[in-house]
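Below is one structure, written out as structure tokens; the observations come after it.
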Amino acid sequence: MYIKVKITRSLSAFMLSGGVLAGCSDGGGNAGAQSDAGKQEEKSLRIMSGVIGGKTPEENVLFEKEIDRLTGIKVNLDKPASDYDQKLMAAISSGEKFDVLQVSKETINKLVDQGVLAPLTDKVKSSKTLQDPEVIPAQEWDQVRTKDRQIYGVFTKYQGGTMPIVRNDWLKKLNLQEPKTLDDYYNVLKAFTEQDPDGNGKKDTYGLTTAGMYELQGFFSAAGLKQRYVEKDGKLDVPYSTDAAIPVYEWLHRLYKEGILEPNFATNDSGKMRNLFLTDRVGMITYWDAWVGMFNNTRKEQDPHTQFEAKGLAGAVGPDGKHMLGRGDPDVWVVPVNAGQPETAFEFIEWWHSKDGIVLGSMGIRDHDYTENGGKYELTKTGKEHAMDHGVPFWYSKKFQNPFGLLPGVKEAQALLEKHASLELTPAKWADAEKIINEYSFKAILGEMPAAEAVKKMREQLKANQLID
């Protein structure tokens, strides 16, 4: 549910393009400026987005027209169908000009270091909309402040968190209790693998699958270990590379060795993982709270009588008796320094937090995804399939309540996050550390190296590359 953008340092073309274009002149500039002085510039924006927009290229055009209808701003919305990270990187590196970009908090520090982003601190502070605590709670802004206390990004939505998600109908069918400890999780996942929970008489189900090492916080919670980085006494460390992580890697290897962990977990992307869960192949995944409701909604739309029930779990209890889940890095709008219409860009960003902006980002396009009559909304067949998510499944503002309520299971999942989740610490060098962590984690889980040795090697590599203190 958030975008992780990997940006290289080859951004000189992007930085120079504005200056090069500004320096071109045929000597007739003054006359042109005088003739156009009285004309009002048409408001238009070029936006690049990873998840916000239409679900298809054709619907994306409707999305652009809807923004124009609601704001008077003509928008060219570039929403790649895949490989958003690489395409955004290529666009910036080649000097393409955008007015607004959708990025994750992880990306902001990289872009700020390169001088790519315009600071928005003063605009945010003077914005009646964004300073309204009913629109965005004041404490949330600390998530997006840089070390120098500047704000470069404004939230696109309320970002939830991740957790183990279980087939609760399978728990009920097999008379199993919700797992609390790591041993409990093992027993449940083993039963999902061996006791034919889908009832087809075949041994074709798995207990767990993941998208690589994606969001395993709920299991490392058993050892009291936070995902990504932690900072103590001014020093950065990666808990997954410590000896305390060894039992969790050994537990995951046991699942793999016994055929409980779906064998393609290491190469799955999130789409393949979701599909295995939706098609009764696997009983548990690790994913976003919003998808608890989307899974339930999808299956209900396919079959109104389905017994399918997804449910979020708190993860394994730690040695201190507490659970540890992860809250996602904020997803934000940013404005590049070479934006053609920076004022219009910020006007759009403010509007995004209005009722009309929220409706578009969640319900979608009027008379396509929903109809409205006298303040009463009704989703179309297409709108129901889109599950109230055009990039904004949840929002901060209390001034507009979801007219349909939350999808089944989401409220309970969010309650677990409020109780147990916290933000990860994601410094700019995280991407380099992640490669090393993944390499040796997979070796441990797949049994290519004993867990203790894999952790030792992982730590040595992180230190050698100056990725931990």
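Here the sequence shown stands for residues -22 to -1, 1 to 447, numbered as in mature numbering (1 follows the signal peptide of the UniProt record, and there is no 0). A virtual CB, placed ideally from N, CA and C, is assigned to each residue, including glycine.
Within 8 Å of any Cβ in chain C, is that where the Cβ of Gly32 sits?
Reference to chain C is not applicable here, since this structure consists of a single protein chain.
Compare the beta carbon distance of residue 448 and Ala432 with 8 Å and say whether it is the shorter of the two.
Only positions -22 to 447 of the chain appear in this structure, which leaves residue 448 out of reach.
If we count the other Cβ atoms within 10 Å of its Cβ and call it buried at 16 or more, is Glu37 buried or exposed?
Per the 10 Å Cβ criterion, buried.
Could you please give me the residues that DSSP links to Asp401 through a beta bridge?
A small fix is needed here, since residue 401 is Leu in this sequence, not Asp. DSSP output for Leu401 lists Arg305 as bridge partner(s).
Could you check if Arg127 is buried or exposed, using at least 16 other CB atoms within 10 Å of its CB as the buried criterion?
Its Cβ having fewer than 16 others within 10 Å, Arg127 is exposed.
Tell me whether Asp4 sits in a helix, a strand or coil according to DSSP, three-state version.
Low per-residue confidence applies at Asp4: pLDDT is 38, beneath 50, and the placement is therefore not dependable enough to give any value.
Should Ala393 go down as buried or exposed, given a rule of 16 or more other Cβ atoms within 10 Å for buried?
Exposed, since its Cβ has fewer than 16 Cβ neighbours within 10 Å.
Check Ser248 in the structure and name its three-state DSSP category.
In this structure, Ser248 counts as helix in the three-state DSSP scheme.
If you draw a straight line from the alpha carbon of Gly387 to that of Gln444, how long is it in whole angstroms?
Whole-angstrom Cα-Cα distance: 43 Å.
In chain order, what residues of the same chain have a beta carbon less than 7 Å from the beta carbon of Ile51, not counting five sequence neighbours either side?
These residues qualify, in order along the chain: Lys21, Ser22, Leu23, Ile45, Thr322 and Phe326.
Look at the alpha carbon of Leu(-12) and the alpha carbon of Thr85, and state the distance between them as a whole number of angstroms.
Caution is warranted here: a pLDDT of 42 is assigned to Leu(-12), below 50, making its placement in the model unreliable, and no coordinate value can be reported.
Out of Gly139, Leu152, Leu256 and Asn87, which has the shortest C-alpha to C-alpha gap to Ala409?
That would be Asn87, whose Cα lies nearest to the Cα of Ala409.
Taking only the alpha-carbon atoms, compute the straight-line gap between Val313 and Pro97 and give it to the nearest angstrom.
Looking at the two C-alpha atoms, the distance is approximately 8 Å.
Should the region 258 to 266 be regarded as contacting the region 228 to 238, the criterion being three or more beta carbon pairs within less than 8 Å?
Judged by Cβ distances under 8 Å, the region 258 to 266 makes no contact with the region 228 to 238, as fewer than three pairs qualify.
Taking buried to mean at least 16 other C-beta atoms within 10 Å of its own C-beta, is Glu277 buried or exposed?
The sequence given here places Arg at residue 277; Glu does not occur at that position. Buried, by the Cβ-count rule.
For Lys376, name the three-state secondary structure that DSSP assigns.
In this structure, Lys376 counts as coil in the three-state DSSP scheme.
Look up Pro97 in the DSSP assignment and say whether it is helix, strand or coil.
It is coil, neither helix nor strand.
I'd like to check one pair, Val370 with Val134: are the Cβ atoms closer than 8 Å?
In the sequence on display, residue 134 carries Thr and not Val. Going by C-beta atoms, Thr134 is nearer than 8 Å to Val370.
Considering only C-alpha positions, which residue in the set Trp119, His346, Val132 and Trp330 is nearest to Phe378?
Out of Trp119, His346, Val132 and Trp330, Trp330 has the C-alpha closest to the C-alpha of Phe378.
Quick one: grab the DSSP three-state call for Asn54.
Asn54 falls in the strand class under three-state DSSP.
Within 10 Å of its beta-carbon, does Thr140 have 16 or more other beta-carbons around it, so buried, or fewer, so exposed?
When all chains shown are included, Thr140 counts as buried.
Taking the DSSP output, what are the residues bridged to Ser82?
In DSSP, Ser82 forms a bridge with Asp309.
If Met436 sits next to Ser219, beta carbons under 8 Å apart, how far is it from one beta carbon to the other, in whole angstroms?
That pair is a contact at about 5 Å.
What does a CB cutoff of less than 6 Å around Val260 pick up in its chain, not counting 5 residues either side in sequence?
Correct list, in chain order: Tyr184, Thr187, Glu240 and Leu254.
How big is the Cα-Cα spacing for His364 and His346?
Cα to Cα, the separation comes out at about 11 Å.
Taking just the CA atoms, how far does Tyr136 sit from Ile336?
Taking the straight line joining both Cα atoms gives about 11 Å.
In whole angstroms, what separates the C-alpha of Lys389 from that of Gly131?
Lys389 and Gly131: Cα-Cα distance of roughly 27 Å.
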